[in-house]
Amino acid sequence: SDVRQDRGSSVVVHLNEDHLEYSDEKRVETVLKKYSNFVNFPIYLNGNRVNTIEAIWSQEPRDVTEESYAAFYKYVANAYDDPLDRLHYRADAPIEIKALFYIPSFH
92 SDVRQDRGSS VVVHLNEDHL EYSDEKRVET VLKKYSNFVN FPIYLNGNRV NTIEAIWSQE
152 PRDVTEESYA AFYKYVANAY DDPLDRLHYR ADAPIEIKAL FYIPSFH
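Going letter by letter, the sequence shown gives residues 92 to 198 in the working numbering.
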């Protein structure tokens, strides 16, 4: 449809016969989540927000709860258990670095 917002961007895709799989809403949602889940702005598909997972490595470590660390690990690792340990690292000089490393509880 031709729904326009006051702000933001709309993307209109024209598909050829070889790529009609991307006309399926679930397929588009899967691709968006795979490649855009952690961007810092909301992405909507037919009015529903697609990227709902917050990029916790961009937050101050003191602001992230243990529950958030565990939930994020389970999401990105597709795991059911908690990690053995983690390192949430930030540095600002000479370049800005933000990193979050997990050590799984199994090998």
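We put the beta carbon where it would ideally sit given N, CA and C, even for glycine. For clarity, every value in this text was computed on a predicted model and none was experimentally measured.
Query	Result
Segment contact, 8 Å Cβ cut-off, at least three pairs: the stretch 168 to 175 with the stretch 125 to 134	no
Where F129 falls: helix, strand or coil (DSSP)	coil
For F163, the first and last residue of its enclosing alpha helix (DSSP H)	E157 to A168
DSSP three-state assignment for H105, whether helix, strand or coil	coil
Status (buried if at least 16 other CB within 10 Å, exposed otherwise) for F192	exposed
Distance between beta carbons of I144 and N128, contact taken as under 8 Å	5 Å
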